[in-house]
Structure formats: structure tokens, C-alpha cells
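The C-terminal residue of the sequence shown carries number 340 in this note's numbering, and the numbering is unbroken.
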Amino acid sequence: MALFNYATKEITLKVVYYGPGLSGKTTNLQHLHSVLSPERRGKLLSLATEADRTLFFDFMPVELGKIKDFSIRFQLYTVPGQVRYNATRKLVLKGADGVVLVADSQRMMREQNSESLANMRENMLANNLDPADTPVVFQYNKRDLDDIMSVDDMNRELNPNDFPYFEAVAIDGQGVRETFDTATKLILKYISRKHRIDVKLTEKVEKPLPAPPVAKPVVDPLLEPILEPILEPEPVFEQPAYNPAPRPAPAEPRGPDITPFLKDITSTLGELREQIERVEKSVDNRDAHKEKVRYDLAVQKFDKAMSDIRSKQEKLMSMLQDIKTSIDNAKTKKRWFFFG
């Protein structure tokens, strides 16, 4: 599930590497982490279990461009290969935008590959992901070993729907980057179709110029971005002027002047806009957090000002109602005197 972070102007997309134990998922992520630009990737984090581990790191590619002024950030995960950690597999797969199935090409791993594929589809359905619609790329790893299955046989058993596939020797880096690049492009097409937005891709060059150093916010993979819509202030409706009867009547008293209150709310809105602009321009996570706190304070101040305005409006309405009632009573008494 694509996450839109309006504070950092980023769209976070999740890629999960699935497959049986020791098929090469960890090797894929370790190789990608080593060859990707250090300025554009985060730290390689590991969550170890008794016999397996889950890896994670995030990466912001330069060559993929932007989506409506939003930078693109990929989060890469591996799932535990052991069947007994299925609960962790399901949790890691939640919200995935694309999946890479790393299959072991050895004949003795034939059954484990099929079980892993079936388990992947089962967990995708449990997470409301359509296996037929979600981008999936197959990687047939360990092609340098003896007694391996042919690519045709592996496609026949694992890939009857003809998803993209690559042969790989992950320990040497062969096929690793090609698999990842294809997965990211399929995910961007999927997001473009799903959310009906145009993805503007920049031309990829073999030796891209190094990007200027920028501060990278550390993204918590379990923390969804906070989207706080800015509500427009409620309009202040003017009360219709009271039209006196043709007969002479007491002059209509004027209500209190609310101009100072309108000036206060205008000033508060100006401060709120400045806070929002500072939050949008901030790219450092610590600065973004500070700006977020200031933003929340500004919103609270805005809400308090609106509450005060509503309170004063209610008082004004009450006063006008009392004036109207007094005038109506005066008119009634005058009729009694005239016809009495």
C-alpha cells in the first residue's frame, strides 16, 4: 500500500522478497545494499530469530523521477524462510506493493519452492492483496550449481501466469539488480493505474551524476505517515438587517463590533500557513518532528480562535434575538395604546 508523506514530499513503496529458506533472499538484499548509492539508501536492519532473520532497508532511487512533485522511496524486506514463522511472513507481507519470489533452482528444492509459492498466495489473500493483480517477479537463483531444474520446468511449475522472471547467481550479484529494477518499474505502473496518477520517469543513464547531499528522514516501516487535512474556517454569515414597520419605531440598536475577532483569526491563519510551509520545506526528520509539533500548536491555536469566534457569535446572536424580542414587545404595547 503506497504511503503518501506530505511532510517530506515522499511516496513510500514496499517490496517484499519471498521464498523458501536459504534460497537467496538475504543475499539479494545484501548485494543491493552494497551497490546502491550510500547517499540514497538507509541502514541494513536485521530482526533475528532462532534460525532465520528478517532484513530491511529503504532506498530512494534518483533515476525513477517523481510522482507529482513527490520523491519515490522503496522499502525492501525479506521474510523468514522457515515455515514455522508464517505469522511473521504474513505481517511482513502486509501492505506490500510488489513481491519478488526467490526460488532455489536445485532439484531437491522443488517441493519447497512450490510450498513457498502457495504460502505466499495464501498470505497475500489474507492481507487483501490480489495475487493476479499485485506485481510479482520471479528469480531463479543458484543457476551456477549442479543438478538444477531447467528454466522451462520452473516456469511450468511456478509461473504459469507468465510473470517476469530472471536467472540469477545472487552470491555473485548476477541477476540481482535486473530483478529489482523490473520489480520497481512494475510497481510504479501498478500505482499509476491504481491511483490514476501520472508517473514521470527520468531517463536512466549508466553513470548518473552524484546527487547533492541531502538530509534523509529515517522512515519507521511500521509508522504510517500522518495526514492532517487543513479545514477551511467556517464562514461568518451576516444576520439580515431588521426592517422596521412603516410606523415610527425605536431606533434599532447595533450589535457589538466583531472586527477585532476577524483580525485575530486572519492573523492566526497567516501563522498557520507559515508553519505549514516550514513543514513542507523540511527534509531532516528531526526538524520535521519539531515543525510537526509547531504545526500541531498552530492548529490548536487556530481551533481555539475558531471556538472563541463561535462563542462570541452565539453571544451576538443571543443579543440580537433579545433586541428583536424587545422591539416586538414595544410594537405590541404601542398597538395596545393606539387601539385602547
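Yeah, the Cβ is synthetic: ideal placement off N, Cα and C, and Gly gets one too.
Because the structure is a prediction, the values reported are computed rather than measured.
Can you tell me which of the options puts its alpha carbon nearest to the alpha carbon of residue i?
i: residue 141; options: 130, 106, 125 and 120; result: 106
i: residue 138; options: 167, 314 and 35; result: 167
i: residue 67; options: 163, 13 and 301; result: 13
i: residue 31; options: 126, 177 and 295; result: 177
i: residue 39; options: 73, 125 and 88; result: 73
i: residue 150; options: 195, 163 and 104; result: 104
i: residue 100; options: 47, 76 and 172; result: 76
i: residue 118; options: 20, 27, 193 and 28; result: 20
i: residue 294; options: 274, 45, 81 and 306; result: 274
i: residue 153; options: 133, 113, 34 and 123; result: 113
i: residue 146; options: 108, 125 and 126; result: 108
i: residue 111; options: 58, 320, 23 and 314; result: 23
i: residue 192; options: 143, 173, 134 and 144; result: 134
i: residue 144; options: 175, 29 and 309; result: 175
i: residue 305; options: 322, 87 and 271; result: 271
i: residue 29; options: 173, 323 and 307; result: 173
i: residue 8; options: 165, 87 and 289; result: 289
One question on the structure: do residue i and residue j come within less than 8 Å of each other, judged by their Cβ atoms?
i: residue 148; j: residue 70; result: no
i: residue 93; j: residue 16; result: yes
i: residue 6; j: residue 120; result: no
i: residue 350; j: residue 83; result: Absent from the model: residue 350. The displayed extent of the chain is 1 to 340, so no value can be given.
i: residue 2; j: residue 97; result: yes
i: residue 136; j: residue 180; result: no
i: residue 78; j: residue 55; result: yes
i: residue 33; j: residue 47; result: no
i: residue 42; j: residue 58; result: yes
i: residue 132; j: residue 90; result: no
In the DSSP output, which residue or residues are listed as bridge partners for residue i?
i: residue 356; result: Since the first residue shown for the chain is 1 and the last is 340, residue 356 is missing from the structure and cannot be characterised.
i: residue 352; result: A query on residue 352 cannot be resolved here, the shown segment of the chain reaching from 1 to 340 and no further.
i: residue 5; result: 10
i: residue 302; result: Residue 302 pairs with nothing; no bridge assigned.
i: residue 46; result: 55
i: residue 67; result: 70
Check: For the stretch 97-179, which segments carrying the beta strand (DSSP E) assignment without a break, of at least 3 residues, lie completely within its bounds, in sequence order?
Finding: Segments of the beta strand (DSSP E) lying fully in the stretch 97-179: 98-104, 136-141 and 165-167.
Next item on the list: Check whether the stretch 180-190 touches the stretch 144-162, counting contact only when three or more Cβ pairs, one atom from each stretch, lie closer than 8 Å.
Entry: Contact between the stretch 180-190 and the stretch 144-162 is absent, because fewer than three Cβ pairs lie under 8 Å.
Note to self: Quick test of the definition: if touching needs 3 or more C-beta pairs under 8 Å, does the stretch 315-334 touch the stretch 294-305?
What the structure shows: No, the stretch 315-334 is not in contact with the stretch 294-305.
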